[in-house]
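S.K.:
2 protein chains.
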Amino acid sequence: MDRMPIQVKNTFNPVELRGLLRTGGLKATRSRLAILGVMRRTKHPLSPQEIIERLGKSFDQATIYRFIKKLQARGIIRQIDLRHNHAHYELFDLNDHHHLICMRCGRIEDVSGCEIEDAYNAILRSAKDFSEIRQHSLEFYGICRNCGKHKA
Amino acid sequence: MDRMPIQVKNTFNPVELRGLLRTGGLKATRSRLAILGVMRRTKHPLSPQEIIERLGKSFDQATIYRFIKKLQARGIIRQIDLRHNHAHYELFDLNDHHHLICMRCGRIEDVSGCEIEDAYNAILRSAKDFSEIRQHSLEFYGICRNCGKHKA
DNA sequence: AGTTTATTGCAAGTAATTCGCATTTAGATT
DNA sequence: AATCTAAATGCGAATTACTTGCAATAAACT
Chain A
1 MDRMPIQVKN
11 TFNPVELRGL
21 LRTGGLKATR
31 SRLAILGVMR
41 RTKHPLSPQE
51 IIERLGKSFD
61 QATIYRFIKK
71 LQARGIIRQI
81 DLRHNHAHYE
91 LFDLNDHHHL
101 ICMRCGRIED
111 VSGCEIEDAY
121 NAILRSAKDF
131 SEIRQHSLEF
141 YGICRNCGKH
151 KA
Chain B
1001 MDRMPIQVKN
1011 TFNPVELRGL
1021 LRTGGLKATR
1031 SRLAILGVMR
1041 RTKHPLSPQE
1051 IIERLGKSFD
1061 QATIYRFIKK
1071 LQARGIIRQI
1081 DLRHNHAHYE
1091 LFDLNDHHHL
1101 ICMRCGRIED
1111 VSGCEIEDAY
1121 NAILRSAKDF
1131 SEIRQHSLEF
1141 YGICRNCGKH
1151 KA
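Chains as they are written, first to last, in the numbering used here: chain A, 1 to 152; chain B, 1001 to 1152.
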């Protein structure tokens, strides 16, 4: 394949998607590249069903769910809790960001720069039974401007 | 119908449980007092099924789920994402605390004192589409000491 | 090209949550 | 205390979310 220019964080090109999989010991199948492609080009967390919809053609759920598990175990994606009754996922982003979620309409906005990482050590020091923190999840639930206009 | 969250101090005795419900415009039935009782005396987040188990007698799921929704809408309980495939809930606690969750065995430890609240304003300032934050969720996922001993 | 092994697709299975509706009950009203 | 009414319950069925077993397929290594 052609050598691709160096990309900014998390702008995975096709080659990099392959590498991502290989590094994780995962085979790079057409489906998998397509799934990662969808996630890459969507800027908000996706549910498995949403991924299937975006893939266009009918796609087997089991395949998605199994793949998601592997991605998650390898830290390639992370799980986001939007408080719908199903999980959402997004590509792991080194620029740690979190989400503002509207409790009425579900609108999502990214918020960036939250120095939780700095708190890790303090938390570990105070923890009795834990020796390692691998990830965290931080979501803010509120009311978006639009919903704020219309009385509840 | 559903109202705005009401955050009441959490020093519940039986009488206060009644008041809690009344303030929320909810009828104080025997079942409801029992459910709140279970949540009060358990120090970790519970799933609807766990609540049913603890209630002893056979208990209708629909009743629990419906009640939980109302409690949540009123800010009496909050939802915790332990990344099992179902939601967990705990009584809302003004002493804001969060959870360390073991990614292997699911063990939970509380961590307290995380000054996220102070970040609310900063976050709102930087937010484009949000005018109000009502709650947040912060969970840390890691490996507990016990699981840390045994190699993965 | 051939072999190995991970991955897929399908169909069935389980778990989690919701809904509709007839019945009951808490709490306000008389 | 008896009555009234809206809210809550119980039940069964429905829906949604996710998982599993297994035979067929395709990636990656030789």
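Note that CB positions come from ideal geometry on N, CA and C, so glycine has one too.
With DSSP as the reference, please indicate the residues paired to isoleucine 1143(B) in a beta bridge.
M.R.: Answer is Glu132(A).
S.K.: Give every residue of the same chain whose Cβ lies closer than 6 Å to the Cβ of arginine 18(A), excluding the five residues on either side of it in the sequence, and list them in chain order.
M.R.: Contacts found: Ala28.
S.K.: Please determine if the region 1088-1099 of chain B and the region 84-98 of chain A are in contact, where contact requires at least 3 C-beta pairs separated by less than 8 Å.
M.R.: Flag = no, the region 1088-1099 of chain B and the region 84-98 of chain A do not touch.
S.K.: Taking only three categories from DSSP, how would you classify serine 31(A)?
M.R.: It is helical.
S.K.: Is it true that the region 1129-1136 of chain B meets the region 64-79 of chain A, where meeting means three or more beta-carbon pairs spaced less than 8 Å apart?
M.R.: No, the region 1129-1136 of chain B is not in contact with the region 64-79 of chain A.
S.K.: If we cut at 9 Å on Cβ distances, does aspartate 1081(B) have a partner in chain A?
M.R.: So, interface residue.
S.K.: Taking all protein chains shown into account, do 16 or more other C-beta atoms lie within 10 angstroms of the C-beta of glycine 25(A), making it buried, or fewer, making it exposed?
M.R.: With fewer than 16 other Cβ atoms within 10 Å, it is exposed.
S.K.: My guess is that isoleucine 1108(B) and isoleucine 1101(B) are in contact by the Cβ rule of under 8 Å, so how many angstroms apart are they, rounded?
M.R.: Between isoleucine 1101(B) and isoleucine 1108(B) the Cβ distance is about 6 Å, and since that is below 8 Å, they are a contact.
S.K.: Which residue's Cα is closest to the Cα of arginine 1030(B): Lys1057(B), Gln1135(B), Leu1046(B)?
M.R.: Closest option to arginine 1030(B), Cα to Cα, is Lys1057(B).
S.K.: Less than 9 Å between the beta carbons of aspartate 110(A) and aspartate 1081(B), yes or no?
M.R.: Not in contact: aspartate 110(A) and aspartate 1081(B) (Cβ atoms no closer than 9 Å).
S.K.: Going along chain A, which residues have a C-beta under 8 Å from glycine 1024(B)?
M.R.: Going along chain A, no residue has its Cβ under 8 Å from glycine 1024(B), so there is no contact; the nearest lies around 15 Å.
S.K.: Compare the C-beta of leucine 1055(B) against all C-beta atoms of chain A and say whether one is closer than 9 Å.
M.R.: Judged by the 9 Å Cβ criterion, leucine 1055(B) is not in contact with chain A.
S.K.: Starting from tyrosine 1141(B), find everything on chain A with Cβ-Cβ shorter than 8 Å and list it in chain order.
M.R.: Ile133, Arg134, Gln135, His136, Ser137, listed in chain order.
S.K.: Check for me: the alpha helix (DSSP H) holding serine 126(A) runs from which residue to which?
M.R.: First-last of the alpha helix (DSSP H) with serine 126(A): 119-126.
S.K.: Between arginine 134(A) and tyrosine 1141(B), which are expected to be in contact by the criterion C-beta below 8 Å, what is the C-beta distance as a whole number of angstroms?
M.R.: Yes, they are in contact, since the Cβ atoms of arginine 134(A) and tyrosine 1141(B) sit about 6 Å apart, within 8 Å.
S.K.: Listed from N- to C-terminal order along the chain, which residues in the region 1111-1130 of chain B have their beta-carbon within a distance smaller than 7 Å of any beta-carbon of chain A?
M.R.: From the region 1111-1130 of chain B, only Val1111, Cys1114, Ala1119, Ile1123, Ser1126, Ala1127, Lys1128, Asp1129, Phe1130 have a Cβ closer than 7 Å to chain A.
S.K.: Report the neighbours of cysteine 1144(B) on chain A: residues whose CB is nearer than 7 Å to its CB, in chain order.
M.R.: Asp129, Phe130, listed in chain order.
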